Amino acid sequence: MIQSMTGYGKSSQEIAGQTIHVELKSLNSKNLDVNFRASSKYREIEIPLRNKIAEVLKRGKVDVSLYVESKSGEASAVINTKVVEGYIKQLQEIQPDENKDFSELLAIAMKFPEALSTDKTTLAKNEIKAIESTLEEALKALINHRLDEGKSLETDFRLRIDNLKSLVEEVISIDPERIKNVRERLHKAVDDLKTNVDENRFEQELVYYIEKYDITEEKIRLENHLDYFSKNLESKDSNGKKLNFICQEIGREINTIGSKSNYAPMQKLVVKMKDELEKIKEQLLNVL
1 MIQSMTGYGK SSQEIAGQTI HVELKSLNSK NLDVNFRASS KYREIEIPLR NKIAEVLKRG
61 KVDVSLYVES KSGEASAVIN TKVVEGYIKQ LQEIQPDENK DFSELLAIAM KFPEALSTDK
121 TTLAKNEIKA IESTLEEALK ALINHRLDEG KSLETDFRLR IDNLKSLVEE VISIDPERIK
181 NVRERLHKAV DDLKTNVDEN RFEQELVYYI EKYDITEEKI RLENHLDYFS KNLESKDSNG
241 KKLNFICQEI GREINTIGSK SNYAPMQKLV VKMKDELEKI KEQLLNVL
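Residues in the sequence shown are numbered consecutively from 1, following full-length UniProt numbering.
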């Protein structure tokens, strides 16, 4: 089943006068890239949470936000007054400006390290479990979103594959006409020379020449690759890398047909096939 790397999931849970919020956003990426945002209080559980995310999501650029809201209204962080005052004093020394608004300096100082201090007490086991379960629910929501996106991608892939199969059928239908056209052009070229040639030898050379333009093997392999791509869309696991590899093989056969075609109507079909394949490749960037 196709799964997109684009998704969103959010979950909240209340525990002991607190509300735990976990928000996940993911985009496409070759590997797993997790950006974890949380209060320093929760750094001790960051690695286990990252491992859980890696186990479930596999690939993608993932933004994780963990925020715990106190229902009592008490501040979870306090201002380091002396540190902030020191920052403001240094800013005034660097660029003295009597017209500089204090609130503006304060806003700048509050962005510097250690401007806020948080409670460093050890997390309770029940709070850790609550955070883990909230993360699991957020991951489930994100996976469901990815699956919904994947269904849309699968529909588009099947449309493109069907278009490619139709174009291959057109290529097969005009192939005899193409060979006939090549023969006629070669005969005309020889006739224009206005010289006598050995007809038997000419026919032998003509057969050898036309064999170089034969695309029977390419057509068979291309049809097999298209069927294999469709079969892998039905796979239980999403495998964008494998589908991308199959696309490379499809592209190789299309390019070979184009180089051998030597016939304008067939070359136009090849251009259409390349266009359909490019659309598949673009969408594959989002597939897990």
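Cβ atoms here follow ideal geometry from the backbone N, Cα and C, with glycine treated the same way. No experiment lies behind these values; they were computed from the predicted model shown.
Between the alpha carbons of Glu217 and Ile246, how many angstroms are there, rounded? In a straight line, the C-alpha of Glu217 is about 17 angstroms away from that of Ile246.
Indicate the three-state DSSP secondary structure (helix, strand or coil) for Ile215 in the structure shown. In the structure shown, Ile215 sits in coil (DSSP, three-state: anything other than H, G, I, E or B).
Cutoff 7 angstroms; reference Gly240; Cβ partners in own chain excluding five residues on either side: Leu284, Val287, Leu288
With distances taken from CA atoms, which of Lys41, Ala138, Lys61 is nearest Gly9? Answer by Cα proximity: Ala138.
Check whether the region 43-63 touches the region 158-171, counting contact only when three or more Cβ pairs, one atom from each stretch, lie closer than 8 angstroms. no
Look up Ile174 in the DSSP assignment and say whether it is helix, strand or coil. helix
Could you check if His187 is buried or exposed, using at least 16 other CB atoms within 10 Å of its CB as the buried criterion? exposed
Rounded C-alpha distance that separates Leu147 from Tyr263: 43 angstroms
I want to know whether the region 55-72 touches the region 98-113 - three or more CB-CB distances under 8 angstroms. Touching, no, given that fewer than three Cβ pairs across the two stretches are closer than 8 angstroms.
Out of Phe112, Tyr67, Ala54, which one is the CA nearest neighbour of Thr81? Phe112
Taking three-plus beta-carbon pairs below 8 angstroms as touching, is the region 50-57 in contact with the region 81-95? No contact exists between the region 50-57 and the region 81-95.
Endpoints, beta strand (DSSP E) assigned at Gly9: 7-15
Are Leu27 and Glu154 closer than 8 angstroms when you measure CB to CB? no
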